[in-house]
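Student:
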Amino acid sequence: MSNTALATEAAVHHAHEAYLDAINSNDVARFVATVTDDIVFLPPNSEPIRGKGAVGPWVAAYFEAIQTVWSKTTVELVVADGLAYEWYRYQVVDSPRDGGEPTTDKGNGVNIYRPDADGAWSVWRDIWSAAS
Numbered sequence: 194m195s196n197t198a199l200a201t202e203a204a205v206h207h208a209h210e211a212y213l214d215a216i217n218s219n220d221v222a223r224f225v226a227t228v229t230d231d232i233v234f235l236p237p238n239s240e241p242i243r244g245k246g247a248v249g250p251w252v253a254a255y256f257e258a259i260q261t262v263w264s265k266t267t268v269e270l271v272v273a274d275g276l277a278y279e280w281y282r283y284q285v286v287d288s289p290r291d292g293g294e295p296t297t298d299k300g301n302g303v304n305i306y307r308p309d310a311d312g313a314w315s316v317w318r319d320i321w322s323a324a325s
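Residue numbering for the sequence shown follows this note's numbering, beginning at 194 and increasing consecutively.
What follows is the structure in structure tokens.
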């Protein structure tokens with residue numbers, strides 16, 4: 194693998210960690226800083242959520258209701274044609290902020306990353322689904 198390819202893969206792994214850290218911070222501003230302006234969320238049992246202007250408020254409502262802790266383990270990462278494709282397995286523990294029992298979910302997802310004009314990689318697409 195060339196030095197350029199290694200550097201690109203390292204940058205995408207950094208974007209993955211920044212995205213996960215932002216989710217686990219439960220801080221909306223920090224979260225939206227890790228996604229592209231034209232982000233598309235494809236959550237389970239939901240219509241697509243398109244753009245930072247829609248994803249930000251959706252995430253804000255989630256963070257307001259839930260203290261969330263995600264783990265995402267990369268299973269496969271492919272960088273090709275100016276994009277990076279990541280298949281991940283996740284586990285999430287959501288604790289209601291108004292009390293109640295936490296819920297745990299496990300599943301699989303795909304993140305697609307794209308570099309910004311300055312070359313920094315950000316999440317462009319995120320789709321996830323619970324495992325049965």
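Ideal Cβ positions, reconstructed from N, Cα and C, are used throughout, including at glycine.
Tell me, to the nearest whole angstrom, how far the beta carbon of Ile216 is from that of Thr261; I am working on the premise that it is less than 8 angstroms.
Tutor: Along the sequence shown, one-based indexing puts residue 216 at 23. Along the sequence shown, one-based indexing puts residue 261 at 68. Sure, about 7 angstroms apart at Cβ, within 8 angstroms.
Student: If distances are taken between C-alpha atoms only, which option among Val272, Ser315 and Gly312 comes closest to Ala414?
Tutor: Nothing about residue 414 can be reported from this structure: the residues present for the chain run from 194 to 325 only.
Student: Tell me, to the nearest whole angstrom, how far the beta carbon of Ala303 is from that of Thr227; I am working on the premise that it is less than 8 angstroms.
Tutor: As a first step, residue 303 must be located in the sequence shown, where it is residue number 110. As a first step, residue 227 must be located in the sequence shown, where it is residue number 34. The displayed chain sequence assigns Val, not Ala, to residue 303. The Cβ separation is near 16 angstroms, so there is no contact.
Student: In angstroms with no decimal places, state the Cα-to-Cα distance between Ala204 and Leu270.
Tutor: In the sequence shown, counting from the first residue as 1, residue 204 sits at position 11. In the sequence shown, counting from the first residue as 1, residue 270 sits at position 77. Going by the C-alpha atoms only, they are around 12 angstroms apart.
Student: Specify whether the stretch 247–255 and the stretch 218–225 touch according to this definition: at least 3 beta carbon pairs, one from each stretch, less than 8 angstroms apart.
Tutor: Enough Cβ pairs lie closer than 8 angstroms, so yes.
Student: Alpha carbon to alpha carbon, what distance is there between Tyr255 and Asp291?
Tutor: The sequence position of residue 291 within the sequence shown is 98, counting from 1. The sequence position of residue 255 within the sequence shown is 62, counting from 1. The straight-line gap from Cα to Cα measures roughly 13 angstroms.
Student: Of the residues Pro236, Met194 and Asp230, which one's Cα is nearest the Cα of Lys245?
Tutor: Here residue 245 is taken as the residue at index 52 of the sequence shown, counted from 1. Residue Asp230 is the option with its Cα nearest to Lys245.
Student: Spatial neighbours of Val225 within its chain, please: CB distance less than 6 angstroms, with the 5 preceding and 5 following residues excluded, ordered by chain position.
Tutor: Taking the first residue of the sequence shown as position 1, residue 225 is located at position 32. Closer than 6 angstroms at Cβ, skipping near neighbours: Lys245 and Gly249.
Student: When you compare the CB positions of Ser239 and Ile259, do they come within less than 8 angstroms of one another, or not?
Tutor: Translated into positions along the sequence shown, residue 239 becomes position 46. Translated into positions along the sequence shown, residue 259 becomes position 66. Cβ atoms of Ser239 and Ile259: not closer than 8 angstroms.
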